[in-house]
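Have a look at the structure below, then the notes.
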Amino acid sequence: MGAMSAARGDCDPHGPSDFACLQGKEEECITNITVTRTIEPLFVFINALYRFLSFNLGVSTGPSQSRDHGFGADQLFTPYTWATIVVLLVGETITGADNFVYLLEMLTCLRQSPEAIAALPLALRDFFVQQVKMFELFGFPLSNETKGLDVLQEPPDNYMDFIAYPSLSPGSELQSNVQIMRGAIRDACELYRTRALSSPSTEYSVPLVEWLRQRVLPLDAHTPGAHALVWPYFVAAAESSLPEHREFFSGRLKDLHQFTGFGSITTALQALETIWAMQGIKRWTEIMSKDFHVLVM
């Protein structure tokens, strides 16, 4: 993960050079996190997080910030902190709001901080790390092409512990469906990487989209866990050039929206109209990162 962090320019707890991404952004983060619930506790956390990292990295954040910040890892990096940001991110998918990038950056900084990880009880550590990596896998590619490619330079399975169920009976229908979902996510990751890196021709991409379509045919919106397919369905729809492919994957998204009610799917469907209108003119991976900011999942 260290190489990925350096390439992305995210918060690296091991070096002050990358800490600049945090400085002076407290107000920006709060201003851009539009939620219906009280955000004062999050504001307190953000300020405390910057003071804590500044203290540990030896970086000055201004004359008012002293080393006597009064916060320790055990006070700052609590399960409540992680849970609050995760819940806010889930809220972004429900409402379809466009502020998830700030929250995702916070969670990524936490995951890359040894102090933050060590402060979590063992019983919760794996759960929170799995959740953060899930949000990174689905969030960064649609918010920033460079960060998305940095995430996807690693095998997608490194981020898919959230959909790993080793206790399932081999050969069971549920186990088979989980493997289909994981395969669909891998296929979508490859579609994204190929589009962002080389802008392939339709002759090249059509068979890849068809392969993904064939893979998910046994599933529907009522399949347990099918909500994990929102992101691969969107990626496949965005990459689609044939009317039948566009209809299939947008239809799957509409079915999932009826089942989950998530507003991010509505925004994703609206984005597809723009993407299809600009196909051959502008990469859809670029359109999403510059013109639409929504956590599609």
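Numbering (full-length UniProt numbering), first residue to last: 1 to 297.
Don't be surprised by glycine CBs; every beta carbon is placed ideally from N, CA and C.
The structure presented is a predicted model; accordingly, all values stated were derived computationally and were not measured.
With respect to the 8 Å criterion, L152 and Y192 are classified as neighbours on the basis of their beta carbons. Nearest to V296 by alpha-carbon distance, out of I85, F127, P218, F138, is F138. Between G91 and W284, the alpha-carbon positions lie close to 25 Å from each other.
Of V101, F100, A123, L89, the smallest CA-CA separation from P79 is found for A123.
Assignment of N177 by DSSP, reduced to helix, strand and coil, places it in the helix class. Rounded to the nearest whole angstrom, the CA to CA distance from V129 to R111 is 7 Å.
By the Cβ rule, the segment 237-245 counts as touching the segment 273-287, because three or more pairs are nearer than 8 Å.
When secondary structure is reduced to three states using DSSP, T78 falls in the coil class, being assigned neither helix nor strand.
Taking a contact to require three or more Cβ pairs closer than 8 Å, the segment 183-202 and the segment 260-271 do not qualify as touching. With respect to I117, L103 sits apart: the two C-beta atoms are not nearer than 8 Å. Between A226 and L219, the C-beta gap is smaller than 8 Å, which places the two residues in contact. Residue environment analysis places T146 among the exposed positions, since fewer than 16 neighbouring C-beta atoms fall within 10 angstroms of its C-beta. Counting of Cβ neighbours within 10 angstroms places N99 among the buried residues, the total reaching 16 or more.
Within a 10 Å sphere around the beta-carbon of Y204 sit fewer than 16 other beta-carbons, which makes this residue exposed.
At a Cβ-Cβ threshold of 8 Å, V209 and H257 do not count as neighbours. Annotation: L229 to P166 spans about 20 Å, alpha carbon to alpha carbon. Where E154 is concerned, there is no enclosing alpha helix (DSSP H), because DSSP gives it neither an H nor an E.
With a cutoff of 8 Å on beta-carbon distance, A271 and F292 are scored as near each other. Collapsing the DSSP output to three states places A119 in coil.
Under the three-state reduction of DSSP, D98 is assigned to coil, being neither helix nor strand. Ranking P200, G171, T202, Q214 by CA distance to the CA of G183 puts Q214 first.
The continuous alpha helix (DSSP H) containing Y204 extends over residues 202-216. Proximity to S143 across V132, P156, V101, Q175 peaks at V101, based on C-alpha coordinates. Relative to the Cα of I185, the nearest Cα in the group E273, Y233, L88, T267 belongs to Y233.
In the DSSP assignment, V294 falls outside any alpha helix (DSSP H), carrying neither H nor E. By the neighbour-count criterion, in which 16 or more other beta carbons inside 10 Å mark a residue as buried, V87 falls on the exposed side. Counting C-beta atoms within 10 angstroms of its own C-beta, A268 has 16 or more neighbours from the protein chains shown and is therefore classed as buried. Look at S198 here: in three-state DSSP terms it is helix. Cβ-Cβ distances below 6 Å link P141 to G148, Y192 in the same chain, with the five nearest sequence neighbours on each side left out; the list follows chain order. D187 sits away from A221, with the two beta carbons spaced by 8 Å or more.
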